[in-house]
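Note sheet for the following structure.
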Amino acid sequence: MSRPGSRPGSRPASARAMTELGLALEHYGLQQYARALSELGYDTVPSLLRIPARRWDAIMEGLRPLPGHSVRLTNAVEELRALRIVHEAFGGAPGEKAAGPGHGARAQQQEQH
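In terms of my numbering, the sequence shown opens at residue 493 and continues consecutively.
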């Protein structure tokens, strides 16, 4: 059943973004923070990765995570940043799955020679 004024089968942009962010956080067992991060304006994985380090502590205070989750959230964001860097280094286009070593643009160029 759809809400009044919404198109059948459509979700608000924030719901789609929370799903994307929620799925990423779910990998780390931290999906419960997706809604709160979205309400703070960080509703996609890329927006989460752009949070400057100097702002992170204030965000953690606002989220009031469970004991130990602050470290887990910080580690998750750092891991996602590292994965993005590796993904970009191996020539992946935005939106593609990370190819990993030996499967990116450099590996393809080497195979041609």
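Where is the CB? At the ideal position from N, CA and C, for every residue including glycine.
Exercise. Short check: CB of Leu541 to CB of Leu572, under 7 Å?
Worked result: What you label residue 541 is simply residue 49 of the sequence shown in a count that begins at 1. What you label residue 572 is simply residue 80 of the sequence shown in a count that begins at 1. Cβ distance < 7 Å, so Leu541 and Leu572 count as in contact.
Exercise. Grouping DSSP H, G and I as helix and E and B as strand, with all else coil, what is Arg546?
Worked result: Here residue 546 is taken as the residue at index 54 of the sequence shown, counted from 1. The answer is helix: DSSP assigns Arg546 an H, G or I state.
For this session: Could you give the DSSP three-state label for Thr511: helix, strand or coil?
Result: By one-based count along the sequence shown, residue 511 stands at place 19. It is helical.
Problem set entry | Residue environment, Ala550, which counts as buried when at least 16 other CB atoms sit within 10 Å | Start at 1 with the first residue of the sequence shown, and residue 550 comes out as number 58. Per the 10 Å Cβ criterion, exposed.
Exercise. If you follow the alpha helix (DSSP H) that Arg573 is part of, which residue opens it and which one closes it?
Worked result: Taking the first residue of the sequence shown as 1, we reach residue 573 at position 81. Arg573 -> alpha helix (DSSP H) spans His561 to Ala581.
Exercise. How many angstroms separate the CA atom of Met552 from the CA atom of Gly560?
Worked result: Residue 552 sits at position 60 when you count from the first residue of the sequence shown. Residue 560 sits at position 68 when you count from the first residue of the sequence shown. So the alpha carbons of these two residues sit roughly 12 Å apart.
Exercise. Rounded to the nearest angstrom, how far is the Cβ of Ala568 from that of Val537, given a contact under 8 Å?
Worked result: Here residue 568 corresponds to residue number 76 of the sequence shown, with the count starting at 1. Here residue 537 corresponds to residue number 45 of the sequence shown, with the count starting at 1. Not really, about 10 Å apart at Cβ, beyond 8 Å.
Problem set entry | Where the alpha helix (DSSP H) containing His529 begins and where it ends | Position 37 of the sequence shown, counted from the start, is the residue given in the question as residue 529. The residue you asked about is not His; residue 529 is Leu in the sequence shown. It spans Ala526 to Glu531 - the alpha helix (DSSP H) in which Leu529 sits, taken as one unbroken run.
Problem set entry | Which of helix, strand or coil DSSP assigns to Pro557 | On the sequence shown, residue 557 is found 65 positions in, with the first residue counted as 1. In the structure shown, Pro557 sits in coil (DSSP, three-state: anything other than H, G, I, E or B).
Exercise. Can the beta-carbon of Ala528 be found closer than 7 Å to that of Leu513?
Worked result: Residue numbering aside, residue 528 sits at position 36 when the sequence shown is read from its first letter. Residue numbering aside, residue 513 sits at position 21 when the sequence shown is read from its first letter. Contact: no.
Problem set entry | Enclosing alpha helix (DSSP H) for Leu541 [first to last residue] | In the sequence shown, residue 541 corresponds to position 49, counting from 1. Segment Val537 to Leu541, the alpha helix (DSSP H) holding Leu541.
Exercise. Exposed or buried, which one is Leu575 when buried takes at least 16 other CB atoms within 10 Å?
Worked result: For the purposes of this step, residue 575 is taken as the residue at position 83 of the sequence shown. Under this definition Leu575 is an exposed residue.
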